[in-house]
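Q: Numbering (numbering that gives the first Met the number 0) for the sequence shown: 0 to 530. Glycine included, every Cβ here is placed at the ideal spot set by N, Cα and C.
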Amino acid sequence: MRTGGSTGAGTLPAVPPYYLTTPIYYVNDAPHVGTAYTTVNADALARWHRLIGDDVFFVTGTDEHGAKIVEAAEAHGTSPQAWTDSTSARFVEAWKRLDISNDDFIRTTEPRHHAVVQEFLQRVYDNGFIELGLYTGLYCVSCEDYYTEEQLVDGKCPIHGRPVVQLQEENYFFRLSAFAQPLLDYYASHRDFVRPTTKRNEALGFIRGGLEDVSITRTSFRWGVPVPWDDGHVFYVWYDALINYLTVASYGSDPARFASLWGAAHHLIGKDILKFHCVWWPAMCMAAGIEPPAEIFVHGYLLMGGQKLGKTMIQAGVAGVGDDARRVRITDVSPLALADEFGVDPLRYHLLRDVPLGGDGDFSYEGIVSRYNADLANNLGNLVSRVATVVHSKCGGVGPAPDAASTLSDRVAEVLTASSEAWSRWAPHEALEATWKLIGAANAELEGTEPWKMPPGPEVDAVLGSALEVLRIVAVLVSPAMPGTAAEIWRRIGIEGDPSAARLPDDAAWGGYPGGVPVVKGEPLFPRRKG
Ligand code: ME8
Numbered sequence: 000m001r002t003g004g005s006t007g008a009g010t011l012p013a014v015p016p017y018y019l020t021t022p023i024y025y026v027n028d029a030p031h032v033g034t035a036y037t038t039v040n041a042d043a044l045a046r047w048h049r050l051i052g053d054d055v056f057f058v059t060g061t062d063e064h065g066a067k068i069v070e071a072a073e074a075h076g077t078s079p080q081a082w083t084d085s086t087s088a089r090f091v092e093a094w095k096r097l098d099i100s101n102d103d104f105i106r107t108t109e110p111r112h113h114a115v116v117q118e119f120l121q122r123v124y125d126n127g128f129i130e131l132g133l134y135t136g137l138y139c140v141s142c143e144d145y146y147t148e149e150q151l152v153d154g155k156c157p158i159h160g161r162p163v164v165q166l167q168e169e170n171y172f173f174r175l176s177a178f179a180q181p182l183l184d185y186y187a188s189h190r191d192f193v194r195p196t197t198k199r200n201e202a203l204g205f206i207r208g209g210l211e212d213v214s215i216t217r218t219s220f221r222w223g224v225p226v227p228w229d230d231g232h233v234f235y236v237w238y239d240a241l242i243n244y245l246t247v248a249s250y251g252s253d254p255a256r257f258a259s260l261w262g263a264a265h266h267l268i269g270k271d272i273l274k275f276h277c278v279w280w281p282a283m284c285m286a287a288g289i290e291p292p293a294e295i296f297v298h299g300y301l302l303m304g305g306q307k308l309g310k311t312m313i314q315a316g317v318a319g320v321g322d323d324a325r326r327v328r329i330t331d332v333s334p335l336a337l338a339d340e341f342g343v344d345p346l347r348y349h350l351l352r353d354v355p356l357g358g359d360g361d362f363s364y365e366g367i368v369s370r371y372n373a374d375l376a377n378n379l380g381n382l383v384s385r386v387a388t389v390v391h392s393k394c395g396g397v398g399p400a401p402d403a404a405s406t407l408s409d410r411v412a413e414v415l416t417a418s419s420e421a422w423s424r425w426a427p428h429e430a431l432e433a434t435w436k437l438i439g440a441a442n443a444e445l446e447g448t449e450p451w452k453m454p455p456g457p458e459v460d461a462v463l464g465s466a467l468e469v470l471r472i473v474a475v476l477v478s479p480a481m482p483g484t485a486a487e488i489w490r491r492i493g494i495e496g497d498p499s500a501a502r503l504p505d506d507a508a509w510g511g512y513p514g515g516v517p518v519v520k521g522e523p524l525f526p527r528r529k530g
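1. Sorted by chain position, which residues of the same chain lie with C-beta nearer than 6 Å to Tyr250's C-beta, five sequence neighbours on each side aside?
2. Mind reading off the beta-carbon distance from Ala66 to Val140? Whole number of angstroms is fine, and I expect it under 8 Å.
3. Starting from the C-beta of Val320, find all residues in its chain whose C-beta is less than 6 Å away, skip the five residues before and the five after it, and write them out in chain order.
4. Quick one: grab the DSSP three-state call for His232.
5. Please state if the CB of Pro195 and the CB of Tyr376 are separated by a distance shorter than 8 Å.
6. If we ignore side chains and look at the alpha-carbon of each, how far apart do Tyr171 and Val26 end up?
7. Does DSSP classify Asp84 as helix, strand or coil?
8. If you measure between the beta carbons of Ala440 and Leu470, is that distance less than 8 Å?
9. So what's Tyr36 in DSSP terms, helix, strand or just coil?
10. What do you reckon, are the CB atoms on Pro16 and Asp42 nearer than 8 Å?
11. In whole angstroms, what is the alpha-carbon distance linking Ser405 and Leu437?
12. Relative to the ligand GTP, is the shortest distance from any of its heavy atoms to the C-beta of Asp331 smaller than 7 Å?
13. Helix, strand or coil: how does DSSP classify Leu19 here?
14. Just checking my contact of Val233 with Trp279 at CB under 8 Å: how many whole Å lie between their CB atoms?
15. Over the uninterrupted beta strand (DSSP E) stretch that includes Ile295, give me the two end residues.
16. What does the alpha-carbon distance come out to for the pair Asp102 and Val58?
17. Taking 7 Å as the cut-off, does the CB of Gly33 come closer than this to any heavy atom belonging to the ligand ME8?
18. Considering only DSSP beta bridges, list what Leu267 is partnered with.
19. Work out the CA separation of Pro22 and Val236 for me, nearest whole Å.
20. Considering only residues of the same chain and omitting the five flanking positions on each side of Ile295, which have a CB-CB separation below 6 Å?
21. Give me the DSSP bridge partner(s) of Pro455.
22. At a threshold of 7 Å, does Ile23 count as lining the ligand ME8 (C-beta to nearest heavy atom)?
23. Applying the 10 Å Cβ sphere with the 16-neighbour rule, what's the burial state of Leu133?
24. Tell me whether the beta-carbon of Ala263 lies closer than 8 Å to the beta-carbon of Tyr18.
25. Hey, quick one: how far does the alpha helix (DSSP H) through Glu169 stretch, first residue to last?
26. Using C-beta distances below 8 Å, list every residue in its chain close to Phe128, excluding the 5 sequence neighbours before and after it, in chain order.
27. Are there 16 or more other CB atoms within 10 angstroms of the CB of Ala403, so buried, or fewer, so exposed?
28. Once DSSP output is grouped into helix, strand and coil, what is the label at Leu131?
29. So, for Glu522: in the same chain, excluding its five sequence neighbours on each side, which residues have a beta-carbon less than 8 Å away from its beta-carbon?
30. Comparing C-alpha positions only, which one of Gly464, Val69, Arg491, Glu143 sits nearest to Pro444?
31. Around the C-beta of Leu382, are 16 or more other C-beta atoms found within 10 angstroms, so that it is buried, or is it exposed?
32. Buried or exposed, going by whether 16 or more other CB atoms sit within 10 Å of the CB of Arg161?
33. Report the option in Phe341, Thr216, Asp497, Ala336 whose CA atom is closest to the CA atom of Gln121.
34. Any heavy atom of the ligand ME8 closer than 7 Å to the CB of Asn243?
35. Contact check, Arg47 vs Pro482 under 8 Å by CB: the rounded distance?
36. Could you spell out where the beta strand (DSSP E) holding Ile105 opens and where it closes?
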C-alpha cells in the first residue's frame with residue numbers, strides 16, 4: 000500500500016493540503032443529532048480526501064464564551080469554567096464514539112486561541128476598521144445576535160420564541176459597512192466561494208440588502224477574550240469564535256504552515272450561521288489583510304417530521320420561521336443513544352445517505368430502520384455473508400483470485416469516477432448511491448451465476464474471486480462513511496491492513512485481491528431489524 004503524507008523528504012511529489020473545519024459547537028448543551036450531522040459529514044469528507052492522497056487537516060471544537068454559556072453555567076449552579084470543561088469533554092467523547100477522525104480539537108478558552116484573537120483583532124484595529132460607539136439594540140441570548148423590531152415575531156426572537164433583552168452599551172464596532180463592495184467583488188471573482196448556489200445567493204442578498212457596522216465587544220460580563228487595547232471590554236463571542244479557524248492553522252505563530260493551510264481552508268456549516276461565515280468572516284479577513292477562506296459549504300437543517308423519537312421532542316424543539324414553523328429542529332435526540340441502538344456505522348451511513356448536504360431533510364427513527372434494512376442488511380451484509388458461505392462450501396474457506404476478465408471490473412471503474420465526482424461536489428449521498436450500485440451488481444452476478452450450485456473448480460473460483468475483489472474495493476469506497484465496517488470486511492476476506500489507509504485510484508485497480516487467503520465466516524454484519 001502506498002502511503003500519503005507531506006513528509007516524504009523530497010522523494011514524493013508535494014501532497015496538496017486540504018484543511019476542513021466544522022463549526023465549533025456551543026457548550027450550552029450536549030451534542031445532538033444536528034451537530035452530529037455536520038460532524039459526520041465533515042469527517043467522511045476528510046476521510047475521502049485522505050483516500051485520494053490529500054494532506055488533510057480536519058478540525059472541530061467547542062465555542063465556550065459568551066452570555067449563553069454564563070447563563071447555562073448559572074442554571075446548573077456551577078462556574079463557566081467548570082461548565083465548559085465538562086461539556087466540552089462530552090463533545091470530545093461523543094465524536095470519539097462516532098469515529099470522528101479530527102486532527103485537532105479547539106476550545107476557545109485555550110490560551111493559544113486567546114493569543115490569536117488578540118493578535119488578529121489588534122491588527123483589524125490598527126488598520127482602522129474598529130471604532131468606539133454606543134450600542135442600543137434588542138438581543139437574543141440564545142442566538143447571541145441582535146434583532147430589529149421588525150424581525151421579531153410577537154415581540155420575541157424569531158428563532159427561539161424567547162423574549163429579547165434591550166441592551167445599551169458602549170461598544171467597539173467593526174466597520175462591516177466598509178466591506179459591502181469588496182465583498183461583492185470577491186464573490187464575483189470567486190464563483191465557488193459559497194456553495195451551493197442557493198446559499199451563495201442568500202449571502203449576496205444579505206450584502207446587497209446593506210451592511211451595518213457590528214458591535215463586537217461587551218462590558219456587561221467578563222467571560223470572553225479581553226480586548227487588548229481596552230481593559231474594560233471582552234470580545235463578543237462571534238468575533239472570537241470565527242477566529243478559531245486561524246488559531247488551529249497557526250496564524251501568527253508559524254507563517255509557513257499558515258500560508259500553506261489557509262489557501263486550502265474549507266468550512267462546512269449549517270444555514271443558521273450563514274451570515275456570520277459568508278458575510279462577516281470574509282470581511283474580517285479582508286480587514287486584517289488576509290484572504291478569505293477558500294470555500295464555505297452551507298448545509299440545511301435536519302428536521303423531525305415523524306414523532307417516534309418522542310413527543311417531548313416537539314415541545315423541546317425550537318420552532319422556526321416560515322417553512323420551518325411547522326417543523327421542529329432536533330436538539331434533543333442523542334446521537335450516542337442512536338449509536339448504541341443501531342451501531343456507529345449505520346448511524347453515520349444514515350446521516351450521510353438520507354439528508355443530502357445543501358437542502359433540509361427529515362430525520363426519523365423509521366428512516367434509519369428502513370435504510371438499515373434495505374442497504375446494510377439486505378445488500379452489503381448479504382453480499383459479505385453469501386460470499387463467505389460459498390467460499391467455505393466450495394473453496395475450503397480459501398478466497399480465490401479474481402477473474403481478470405470479469406465485467407464487474409468495468410462497474411468498479413464507473414463507480415470510482417462517479418464517487419470521486421460526487422465527493423468533490425459535497426454529495427456523499429451520491430457517492431454512496433454509486434457504491435451501492437456496485438454492491439447490487441455483485442449480488443446480481445451471484446444470483447445470475449449461482450456458484451452455490453456449481454461444482455468446485457475454476458468456474459466457481461472466478462465468480463467468487465471477483466465477488467471478493469468487489470468487496471475489497473467496496474470496503475475502500477465505503478471507508479469514509481463506515482470506517483469500522485470497512486475494516487471488518489477486509490478482515491473477513493483475509494486482507495491485512497486498514498482500508499482507510501488505502502490510496503485511490505491505485506488501490507481500486509481491478510486485480511488487487513491476492514487470492515489464496517483465508518476467508519472468515521462470521522455473524523451477519525447487519526442483522527435485519529424490525530421496524
Ligand atoms: O452556532 N440540522 O454553535 P451551535 C443540521 N458556536 N445541522 C444542525 C442542526 C440541525 N437541526 N442543529 C445544529 C454555533 N446543527 C456557533 C458556531 S462557528 C465559528 C461558531 C449544526 O452549537 C449546524 O452545523 O449552535 C449548525 O451550523 C451548528 O450545528 C450550530 O451549532
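A: The structure says:
1. Val115, Phe257
2. 5 Å
3. Reliability of the predicted coordinates at Val320 is poor, the pLDDT of 37 falling under 50, and the value obtained from them is presented with this limitation in mind. Around Val320: Pro157.
4. coil
5. Sequence check: residue 376 is Ala here, not Tyr. No, they are not a contact pair.
6. 26 Å
7. helix
8. no
9. helix
10. no
11. 13 Å
12. With respect to small molecules bound, the structure shown includes the ligand ME8 and not the ligand GTP.
13. strand
14. Wrong, their Cβ atoms sit about 18 Å apart, outside the cutoff.
15. 294-298
16. 6 Å
17. yes
18. Phe296
19. 13 Å
20. Val193, His266, His276, Cys277
21. Per DSSP, none; premise fails for Pro455.
22. yes
23. exposed
24. yes
25. Not the alpha helix (DSSP H): Glu169 falls in the beta strand (DSSP E), residues 164-173.
26. Phe173, Arg174, Ala177, Ala286
27. exposed
28. strand
29. none
30. Pro is not the amino acid found at residue 444; the sequence shown has Glu there. Glu444 has its Cα closest to that of Gly464, out of Gly464, Val69, Arg491, Glu143.
31. buried
32. exposed
33. Thr216
34. yes
35. As written in the sequence, residue 47 is Trp, which differs from the Arg given in the question. Not a contact, Cβ separation roughly 11 Å.
36. 103-106
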